[in-house]
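**Q**
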Amino acid sequence: MMSWPAADLPDLPGTGPEPLIWDTATGSLAVAAPGPTATLYACGITPYDATHVGHAATYLAWDLLVRSWRDAGKRVRYVQNVTDVDDPLLERAARDGEDWRDLADREIADFRADMAALRILPPAHYIGAVEALPLIETFNQRLSERGSLYELDGDTYFSRAADPAFGSVSGLDSETMVRLCAENGGDPARPGKKDPVDPLVWLGQRPGEPSWPSALGEGRPGWHVECAAIATHYLGRTFDVQAGGRDLIFPHHEMSAAHARVALDGDGEPPFARRYAHSAMVRFDGEKMSKSRGNLVFVSALLAAGNDPMAIRLAIISHHYRPDWDWTADSLESASSRLTAWRTAVAAATPAGWPAAADGRAGYPADGPAAGDGAGQRVLARMRERLADDLDAPGAIEVIDEWARVAAAGQAEGSGPLVRAAVDALLGIAL
Ligand code: 5CA
Ligand code: ZN
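Just so we're on the same page, my numbering is the position in the sequence shown counted from 1, plus 31.
(1) Short check: CB of SER199 to CB of ALA63, under 8 angstroms?
(2) Would the C-beta of CYS74 count as close to the ligand 5CA, meaning under 7 angstroms from any of its heavy atoms?
(3) Could you tell me whether the Cβ atoms of THR269 and ASP296 are closer together than 8 angstroms?
(4) Does the count of Cβ pairs from the stretch 415-434 and the stretch 87-103 closer than 8 angstroms reach three?
(5) Determine the burial state of GLY447: buried for a count of at least 16 other Cβ atoms within 10 Å of its Cβ, exposed for fewer.
(6) Beta-carbon separation of VAL437 and MET414 under 8 angstroms?
(7) Between the C-alpha atoms of ARG81 and ALA125, what's the straight-line distance to the nearest angstrom?
(8) Tell me whether LYS105 counts as near the ligand 5CA, meaning its Cβ is closer than 7 angstroms to at least one heavy atom of that ligand.
(9) Name the DSSP beta bridge partners of ALA69, please?
(10) Is the beta carbon of VAL116 less than 8 angstroms from the beta carbon of PRO230?
(11) What beta strand (DSSP E) runs, 3 residues minimum, are completely inside the stretch 210-268?
(12) Quick one: give me the first and last residue of the beta strand (DSSP E) that ARG306 is part of.
(13) Just to confirm my understanding: we take LEU370, look at its own chain, exclude 5 residues before and 5 after, and list those with CB closer than 8 angstroms. What are they?
(14) Which residue's Cα is closest to the Cα of GLU112: VAL161, ALA92 and TRP131?
(15) Judging by CA-CA distance, which residue of LEU327, MET286, HIS309 and VAL454 is the nearest neighbour of ASP4?
(16) Which residues bound the beta strand (DSSP E) around THR187?
(17) Relative to the ligand ZN, is the shortest distance from any of its heavy atoms to the C-beta of GLY275 smaller than 7 angstroms?
(18) Could you tell me the distance, in whole angstroms, from the CA atom of GLY185 to the CA atom of TRP233?
(19) For ASN112, is the beta carbon positioned less than 7 angstroms from some heavy atom of the ligand 5CA?
(20) So what does GLN273 bridge to, in DSSP terms?
(21) Near ALA402, what residues of its chain come up, given a Cβ to Cβ distance below 7 angstroms and the 5 sequence neighbours on each side ignored?
(22) In chain order, what are the residue ranges of uninterrupted alpha helix (DSSP H) at least 4 long that sit wholly in the stretch 314-368?
(23) According to DSSP, which residues form a beta bridge with HIS83?
(24) Taking only three categories from DSSP, how would you classify TRP53?
(25) Can we count GLY85 as close to the ligand 5CA, meaning its CB is less than 7 angstroms from some heavy atom?
(26) Ignore the nearest five residues each way along the sequence and tell me which others in ARG305's own chain have a CB closer than 6 angstroms to its CB.
(27) Is it the case that the Cβ atoms of ALA406 and ALA443 are separated by a distance below 8 angstroms?
(28) For a test of your reading of the model: does the CB of HIS283 fall under 7 angstroms from any non-hydrogen atom of the ligand ZN? Yes or no.
(29) Using DSSP's beta-bridge definition, name the partner residues of GLU182.
(30) Below 8 angstroms between beta carbons: does that hold for PRO48 and VAL110?
(31) By DSSP, does LEU462 sit in helix, in strand, or in coil?
(32) Look up VAL410 in the DSSP assignment and say whether it is helix, strand or coil.
(33) Say yes only if the C-beta of CYS212 is nearer than 7 angstroms to one or more non-hydrogen atoms of the ligand GTP, and no if none qualify.
(34) For THR68, collect the residues of the same chain with a Cβ closer than 7 angstroms to its Cβ; drop the 5 residues on either side in sequence, then sort them by chain order.
(35) Going by DSSP in three states, ALA61 sits in which element: helix, strand or coil?
(36) Exposed or buried, what is PRO302 when buried is set at 16 or more other beta-carbons lying within 10 Å of its beta-carbon?
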């Protein structure tokens, strides 16, 4: 599936420190990707409603991680899926009398436009569940060969008992697991299951619903196996970071990891992700912003109302990605005034005759004049340090705020171009 266009990433002098990220599985701060190539799988949208601020916040968090990795001199392999066949999408299409494919195509196109407007760097592989059906089939065959699947009235379940390490991502007790399954697409109360939390890997054909042939019978894929198959196919049996909103910790990421551990042999280390990164839930009117609750603030609506996409981006990343937070009506106003202050400061600290940036590019020449850059170099070093420390964007923003006050008073002469490039490359904000 087509990804979206990448914003330019200006070159910065030197390289940043090794990025650390909070790992849910170990409950500790850890090196996000130890090698020269960082591999990331971020769970993508289920395309039945437009991108809301919560989605944007989650994808912005991983965008900051990608930017920090690139700044640390790493190559990045980033994969994201699209759950383009699943219950909520089919239900919405049926409710509105629309073909599910048309609904998905439209929402995916809108999502791409929103991601590009917010300058979120695209994944190299953007993969839909439907196009991944052959991978899912192969993956399910492996699960089947390992005796981890069982049939129940035409549907096929994965037995959690097949994975001795089950629970190692979320660390939850059984009661909580059962509750979260019920809340997140599972069917713990269905009679005949070996264990209430066992997830579907293949759903037998239902009247009026799409289906595909499989060795498990005509049907459609389960949710967790979709991500397990796509992630390990494109990134290898073991990869660096599995990322998603914290509502995906259980059952989704636990189940995908369990599937992979059972289906695949480790390559000297356990299959699936080395680290599990989870972002906060953004609330609106005191409740998690969600399609099912309907309390949504759409990115496209904010853009259509004439808001500067950079103000939307700044409003979101001024919250750290881990603690839950509330989107409020005045979020954009304060981001806009901060943006104006930064732009004024950059202008004040840019030498006369500095070439105007073309097409919004920050254009700091890597071999450019270093004179007068002392303040800029200090800002860059501090921003890098903040962002490599569990994506502390609010900390990095504070560094720019301080610099902007000094620069606006004419006391950071010459540092404008470097700060502008740093804000662009590390925070994704074009000034
Ligand atoms: N397709 C699956 C993942 S494979 C899915 O969860 N899709 S989604 O459209 O429901 O969510 C897409 C991403 O946005 C997920 O990482 C989810 O955790 C995140 N997300 C959903 N609601 C919020 C919210 N209110 N705040 C922050 N992130 C959210
Ligand atoms: Zn997923």
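Glycine included, C-beta positions come from ideal geometry on N, C-alpha and C.
**A** Let me spell this out:
(1) no
(2) Checking the Cβ of CYS74 against the ligand 5CA gives yes.
(3) No Cβ-Cβ contact shorter than 8 angstroms links THR269 with ASP296.
(4) yes
(5) buried
(6) no
(7) This sequence places Ala at residue 81; Arg is not what is there. Cα atoms of ALA81 and ALA125: separation of roughly 17 angstroms, rounded to the nearest angstrom.
(8) No, the Cβ of LYS105 stays beyond 7 angstroms of every heavy atom of the ligand 5CA.
(9) VAL107, per the DSSP bridge assignment.
(10) no
(11) Whole beta strand (DSSP E) segments, 3+ residues: 231-235 and 250-252.
(12) Counting along the chain, the beta strand (DSSP E) containing ARG306 begins and ends at 303-310.
(13) ASP339, MET341, ALA342, LEU345, ILE460 and LEU462
(14) In the sequence under discussion, the amino acid at residue 112 is Asn, which differs from the Glu named in the question. Of the candidates VAL161, ALA92 and TRP131, the one whose C-alpha sits nearest the C-alpha of ASN112 is VAL161.
(15) Given a span of 32 to 462 for the chain in the structure shown, any question on residue 4 remains unanswerable.
(16) First-last of the beta strand (DSSP E) with THR187: 186-189.
(17) yes
(18) GLY185 and TRP233 have their C-alpha atoms spaced approximately 9 angstroms apart.
(19) yes
(20) In the DSSP output, where bridge partners are listed per residue, GLN273 has TYR72 and TYR307.
(21) Low per-residue confidence applies at ALA402: pLDDT is 44, beneath 50, and the placement is therefore not dependable, though the value from the model is reported in the following sentence. Apart from sequence neighbours up to five positions away, the residues of its chain that approach ALA402 with a beta-carbon distance below 7 angstroms are GLY445, ordered along the chain.
(22) 330-335 and 340-348
(23) PHE329
(24) strand
(25) Checking every heavy atom of the ligand 5CA against the Cβ of GLY85, one is found closer than 7 angstroms.
(26) ASP271
(27) yes
(28) yes
(29) THR187
(30) no
(31) coil
(32) helix
(33) As presented, the structure is devoid of the ligand GTP, carrying the ligand 5CA and the ligand ZN as its sole ligands.
(34) LYS105, ARG106 and ARG108
(35) strand
(36) Around the C-beta of PRO302, 16 or more other C-beta atoms lie within 10 Å, and the residue is accordingly described as buried.
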